[in-house]
Ligand code: DAH
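Numbering (this note's numbering), first residue to last: 8 to 345.
Structure representation (structure tokens):
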């Protein structure tokens, strides 16, 4: 093998190589222990001293040249690598920033907070009570004794004979009365409630209510009516009228069903109000003297009014939602609309 030819071959190979890995291969082919150079060196032993010297010089020149070329090529490839990396990792500062997805409040929570704000503005305090409630507070002390027909409509989930999942937020009235020990009261109570209902588009075994209770001296039905008017105008628009219809709830006397003039047709009659011009919103009344008495208030000195509303119903009316089950299914396509 002619060393000059080997050199030309090596130069060509180095030129063609395009990665560090390949370059290392080329290096071992032309300089390594099993390289073609070794074959040339093997011939040394048959040469005269003069020839050995001359070949030795040639070999050294070859080695120096090829090593230099390989090192230069390595430097070039390294530089290309760095450039490529810089290019691929370049940051375009003009691109829009990353979007962080942000949650928001559930429509029921939004409406609950809206109602809370209205009452807080009128000086009410927000009270809370347990969802696992005593029969005593859920029924008995609200003037719904065992065997009372009003219990029929409020069947629920029982923990044991005396403990149940509350069917309304009204037991918080009793708890508040007992705690206040005769002092004036002005509270609302939002929370979850339960009933043994078949779930359909307007019924759910779990739903939520807001209760209101005011107890003081000289509280009259006109206080109730003024409060309801303010509340419903804030919720459904300044121009709404309200209407009270006689109704029965064992813990109030008199009891009323409260309607608001239809906010869709302005009371003219439409599909939402079923032609009547009025939409039923909530129940209310003057606290029954027996309820006051059972919790240690003298009904000759103290009077009060109470009200209770379903948050789902109000939210459905406000936003035109036609299936209560939509609230509980966590479907982001539904929730994102609010
Ligand atoms: N607790 C009643 C229900 O769930 C609603 C209600 C009606 C609450 C009249 C009241 C009230 O405080 O005065 O059906």
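Every residue gets a Cβ at the ideal spot worked out from N, C-alpha and C, and that includes glycine.
Since we're looking at a predicted model, the values are computed, not measured.
Tell me the DSSP secondary structure of residue 157 in three-state form.
It is helical.
Could you work out which residue in 289, 291, 269 is closest to residue 281 when comparing CA atoms only?
Among 289, 291, 269, the Cα nearest to that of residue 281 belongs to 269.
What does the Cβ neighbour count give for residue 319, buried or exposed, with the cut at 16 atoms within 10 Å?
So residue 319 counts as buried.
Using a threshold of 6 Å, is the CB atom of residue 155 nearer than that to any non-hydrogen atom of the ligand DAH?
no
Within the segment 273-310, ranges of the alpha helix (DSSP H) (whole runs, at least 4 residues):
Qualifying alpha helix (DSSP H) stretches, in chain order: 296-301.
Under a three-way DSSP split, which group does residue 244 fall into?
coil
Let me check one thing: in DSSP terms, what residues is residue 201 bridge-paired to?
As computed with DSSP, residue 201 is found in a beta bridge with 213.
Is the closest heavy atom of the ligand DAH to the C-beta of residue 175 under 6 Å?
For the ligand DAH, at least one heavy atom lies less than 6 Å from the Cβ of residue 175.
Hey, quick one: how far does the alpha helix (DSSP H) through residue 79 stretch, first residue to last?
56-95
In chain order, what residues of the same chain lie with their CB nearer than 6 Å to the CB of residue 254, ignoring the 5 residues before and after it?
262, 263, 264
Taking only heavy atoms of the ligand DAH into account, decide whether any of them is closer than 6 Å to the Cβ of residue 143.
no
Do residue 233 and the ligand DAH come close, with the Cβ less than 6 Å from some heavy atom?
Relative to the non-hydrogen atoms of the ligand DAH, the Cβ of residue 233 never comes closer than 6 Å to any of them.
Straight-line gap, residue 158 to residue 142 (C-alpha atoms, nearest Å)
11 Å
Cβ contact check for the segment 108-118 and the segment 165-174: 3 or more pairs under 8 Å
no
Can you have a look at residue 131 and say buried or exposed, based on whether 16 or more other CB atoms are within 10 angstroms of its CB?
Taking a 10 Å sphere around the C-beta of residue 131, we find 16 or more other C-beta atoms and assign the residue as buried.
Nearest to residue 79 by CA position, among 97, 30, 115, is which residue?
30
Flag residue 313 as yes when its Cβ comes closer than 6 Å to any non-hydrogen atom of the ligand DAH, and as no otherwise.
yes
Considering only the alpha carbon of each residue, which of 272, 303, 14 lies closest to residue 191?
303
Would you say the beta carbon of residue 146 comes nearer than 6 Å to a heavy atom of the ligand DAH?
no
Skipping 5 residues on each side, what residues in its chain have a beta carbon closer than 8 Å to that of residue 215?
The beta carbon of residue 215 lies closer than 8 Å to those of 115, 119, 197, 198, 199, 200, 317, 318, 319 in the same chain, with the five residues before and after it left out.
With DSSP as the reference, label residue 132 as helix, strand or coil.
Correct three-state label for residue 132: strand.
Can you tell me whether DSSP reads residue 194 as helix, strand or coil?
strand
In or out: residue 346 buried (at least 16 other Cβ within 10 Å) or exposed?
For the chain, the structure presents residues 8 to 345; residue 346 sits outside this window and is missing.
CA-CA distance, residue 334 and residue 248?
28 Å
Could you tell me whether the segment 290-308 touches the segment 322-329, using the rule of 3 or more Cβ pairs below 8 Å?
no
Check: residue 198 C-beta below 6 Å from any heavy atom of the ligand DAH:
Not under cutoff, so the answer is no.
Three-pair Cβ contact test at 8 Å for the segment 72-91 versus the segment 20-28
yes
Is the CB-CB distance between residue 226 and residue 126 below 7 Å?
no
Using 7 Å as the threshold, is the C-beta distance between residue 250 and residue 273 below it?
No, these two residues do not count as a Cβ contact at 7 Å.
Quick check on the burial criterion: 16 or more other C-beta atoms within 10 angstroms. Buried or exposed for residue 160?
exposed
Residue 26 in three-state terms, based on DSSP:
coil
Does any heavy atom of the ligand DAH sit closer than 6 Å to the C-beta of residue 290?
Yes, the Cβ of residue 290 comes within 6 Å of a heavy atom of the ligand DAH.
Could you check what DSSP says for residue 249 in three-state terms: helix, strand or coil?
strand
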